[in-house]
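Position one of the sequence shown corresponds to residue 50 (the numbering used here), numbered consecutively onward.
By construction, the Cβ of each residue, glycine as well, lies at the ideal position given by its N, Cα and C atoms.
All values reported here derive from a predicted model rather than from experimental measurement.
For reference, the structure is listed below as structure tokens.
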Amino acid sequence: MHAEGTIPVENARLSSAATRDESGKEVFIRARGVTVRFGAKTILENLDLDVRRGEIMGFVGPSGTGKSVLLRTILGLNQKQAGTIEVFGVDYENANDRDRLAVERRWGVLFQHGALFSSLTVLENIQVPMREYLRLSPKLMDELARLKIDLVGLAQDAADKYPSELSGGMIKRAALARALSLDPDIVFLDEPTSGLDPIGAADFDELIMTLRDTLGLSVYMVTHDLDSLFQACDRIAVLGDRKVLVEGPLSTMLEYDHPWVKSYFHGKRARTVVHNGKSVVQSKPNGAG
Ligand SMILES: Nc1ncnc2c1ncn2[C@@H]1O[C@H](COP(=O)(O)OP(=O)(O)O)[C@@H](O)[C@H]1O
Ligand SMILES: [Mg+2]
């Protein structure tokens, strides 16, 4: 038995086997036939999605179509009315406590709003998941939190600052550090670069790519940011008509014949990004890693 919901590291293993796609690649998130309604309003209907190990999956779609709802549904924070969602091969919603804890230990989240607790310092914010899921000494938690601060490219003197003392870009990095607190296999980022200037946003994308390459981190990123989609994402999924309309690499998006997808990926703004980002797009290294 684990006091206060903690789980020893050696028990943080799942009882079921990993989900794999046709090519044998591990699928971290598999959604099938997912339907979510609020009252009479259907937000998602019969939605399918796969997110594989080691990829940066960009999730786009018009505002208010259910991108955050899907994210919350995957995390078990919204009820679904139909369908299944497997996370690391586990049906999280119906799993036993042990498997649920093991899944929670392997994901990190950066929510769209309320990135950090304003009454806690950066160091304390990063330690929130550690306090919840691990039983570590304060000294070890300080050391681990400081490693995360390094990892996301913050200066160490940010550790004792409160969110109100940080710039927008620093807040996003601190929130990412908190999402990385438990060394997750996947992080969920809901519009992580919104509110940042283009340089700050590009730096953040750069950081995400570095983490994918160095830690093998998988990333599920809801974004409006065309730069992120063109430069950072290995694959993209588009939400429209209450489901995933199309899922694949950027080249698939550029060829896809749907009014919103066309205007989004071929609009004036997109052409500017393609033009400016040409070399970056070409040098994108490893597909789904
Ligand atoms: N808890 C909720 N109860 C009722 N309606 C909700 C709830 N959460 C989201 N919605 C509605 O679902 C729709 C999709 O919202 P959301 O997922 O936040 O959009 P976005 O794609 O911009 O992230 C919106 O119409 C929103 O009002
Ligand atoms: Mg949203």
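- Relative to GLU94, the option among ARG101, ALA223, THR114 whose CA is nearest is THR114.
- Nearest to LEU266 by C-alpha distance, out of LEU96, GLY217, ARG102, THR84, is ARG102.
- Boundaries of the alpha helix (DSSP H) around ASN174: 171 to 182.
- For ligand 2, the residues with a Cβ under 7 Å from any of its heavy atoms are, in chain order, LYS116, SER117, GLN161, ASP239, GLU240, VAL271.
- DSSP places ASN127 outside both helix and strand once states are collapsed to three, so it counts as coil.
- Using a 10 angstroms sphere on the CB of SER216, the tally of other CB atoms stays under 16, which defines it as exposed.
- Distances between the C-beta of PHE87 and the heavy atoms of ligand 1 include at least one below 7 Å.
- The DSSP-derived three-state label of LYS197 is helix.
- A straight-line Cα-Cα distance of about 43 Å links GLN130 and GLU192.
- Ranking GLY244, PRO241, ASP97 by CA distance to the CA of ASP290 puts ASP97 first.
- Per DSSP, the beta bridge partners of VAL85 are LEU93.
- Spatial neighbours of ASP239 in its own chain (CB-CB distance under 7 Å, excluding positions within 5 residues in sequence) are listed in chain order as SER117, LEU120, LEU159, PHE160, GLN161, VAL271.
- Distance from the CA of PRO178 to the CA of HIS307, rounded to the nearest whole angstrom, comes to 41 Å.
- Closer than 7 Å to some heavy atom of ligand 1: that does not describe the Cβ of THR242.
- Out of LEU275, ASP254, GLY157, THR301, the CA that lies nearest to the CA of PRO233 is found in GLY157.
- The alpha-carbon separation between ILE78 and PHE108 amounts to approximately 13 Å.
- According to DSSP, residue pairing for GLU296 in a beta bridge involves ALA286.
- At least one heavy atom of ligand 1 lies less than 7 Å from the C-beta of SER112.
- Counting the other Cβ atoms within 10 Å of the Cβ of THR263 gives fewer than 16, which makes it exposed.
- In this structure, the straight-line span from the alpha carbon of LEU299 to that of VAL287 is close to 11 Å.
- Remark: C-beta atoms of VAL201 and VAL236 do not approach each other more closely than 8 Å.
- Cβ contact annotation for ALA144 (same chain, cutoff 8 Å, sequence separation greater than five): VAL152, in chain order.
- Distances from the CB of ILE92 to the heavy atoms of ligand 1 include at least one below 7 Å.
- Between the alpha carbons of THR84 and ILE257 lies a gap of roughly 30 Å.
- Here the C-alpha atom of MET302 lies approximately 8 Å from the C-alpha atom of GLU296.
- THR242 is a Cβ neighbour of SER277, given a cutoff of 8 Å.
- Each of ALA80, ILE105, VAL171, ILE92 was checked against the Cα of PRO111, and the nearest Cα belongs to ILE92.
- Burial check for GLY218: the Cβ neighbour count within 10 Å reaches 16 or more, so the residue is buried.
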